[in-house]
Amino acid sequence: MPPIPPFQKSSRAFWASSIPLLISSAAVEVKADIKVEVVVDLLHEVAFILNDALINVQYIVEHPTDFALTLSDTILSTKEVSFVVGTVIHLLFTVLGLVYAAVGVAAHGVVGPAIAEIGGLVAKLLTVVLALVPGLLALLIPTIISVIPIVYHLSLANVVAVLGLPPLF
Numbered sequence: 000m001p002p003i004p005p006f007q008k009s010s011r012a013f014w015a016s017s018i019p020l021l022i023s024s025a026a027v028e029v030k031a032d033i034k035v036e037v038v039v040d041l042l043h044e045v046a047f048i049l050n051d052a053l054i055n056v057q058y059i060v061e062h063p064t065d066f067a068l069t070l071s072d073t074i075l076s077t078k079e080v081s082f083v084v085g086t087v088i089h090l091l092f093t094v095l096g097l098v099y100a101a102v103g104v105a106a107h108g109v110v111g112p113a114i115a116e117i118g119g120l121v122a123k124l125l126t127v128v129l130a131l132v133p134g135l136l137a138l139l140i141p142t143i144i145s146v147i148p149i150v151y152h153l154s155l156a157n158v159v160a161v162l163g164l165p166p167l168f
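Residues in the sequence shown are numbered from 0 upward in steps of one, following numbering that gives the first Met the number 0.
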């Protein structure tokens, strides 16, 4: 596989570091008028998408000869897979942390179960993906290190366990 041109490497780093800032800026704008029911519906939609992804990844595990992870007809390396998975995890937990903070303490009892469901699905997905891609965890942790405090804050013990981090309590 040809090496990634320098401009693509720098643009990846730029986007990976800019996503939390962009989300934070957007969250500040909408914080004033949040309808908890809408947030919960959106969180359930995220859970539905993650569940669908889990079904697809489990299919890949059951039929490994039918599959190669590619992007633009190029087979992805473990490092590239870790970048993709890490970026999605980073984005997801950054948003979940912002949502949890933005809805206020009074709504935590309503939003918390939906966030816990998403955490459970992420843990299942990670379990399957980590089994599918040897060596991925070692490359993934540095990519998601900045959202690990959010995972702890949201009490997502199943995600903590899959990542091999110290237990919550």
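For each residue, glycine too, the CB sits at the ideal point set by N, CA and C.
Proximity of residue i and residue j at Cβ, strictly below 8 Å
i, j, result
"GLY134", "THR77", "yes"
"LEU42", "ALA156", "no"
"VAL150", "PHE92", "yes"
"ASN50", "LEU120", "yes"
"VAL110", "VAL35", "yes"
"VAL84", "VAL39", "no"
"ILE88", "VAL146", "yes"
"VAL104", "ILE33", "no"
Residue i - DSSP class collapsed to helix/strand/coil
i, result
"THR75", "The amino acid occupying residue 75 in the given sequence is Leu; Thr does not appear at that position. Looking at LEU75 - three-state DSSP - the assignment turns out to be coil, as it is neither helix nor strand."
"ILE147", "helix"
"ILE54", "helix"
"LEU167", "coil"
"ILE33", "coil"
"LEU155", "coil"
"LEU162", "coil"
Nearest-angstrom Cβ-Cβ length linking residue i and residue j, presumed shorter than 8 Å
i, j, result
"ALA122", "VAL94", "At roughly 17 Å, the Cβ-Cβ gap does not stay under 8 Å, so ALA122 and VAL94 are not in contact."
"VAL80", "LEU68", "6 Å"
"LEU124", "LEU53", "5 Å"
"ILE48", "LEU131", "Not really, about 19 Å apart at Cβ, beyond 8 Å."
"THR142", "PHE82", "7 Å"
Residue nearest to residue i in terms of C-alpha spacing, selected from the options
i, options, result
"SER154", "ILE59, ILE117, ALA46 and VAL83", "ILE117"
"ILE220", "THR86, HIS107, GLU61 and VAL104", "Because the chain spans 0 through 168 in this model, residue 220 falls outside it and cannot be assessed."
As an exercise, report each continuous alpha helix (DSSP H) stretch of at least 4 residues that is fully enclosed by the region 57-140, in chain order. If one requires a minimum length of 4 residues, the alpha helix (DSSP H) runs lying completely within the region 57-140 are 77-102 and 107-131, in chain order.
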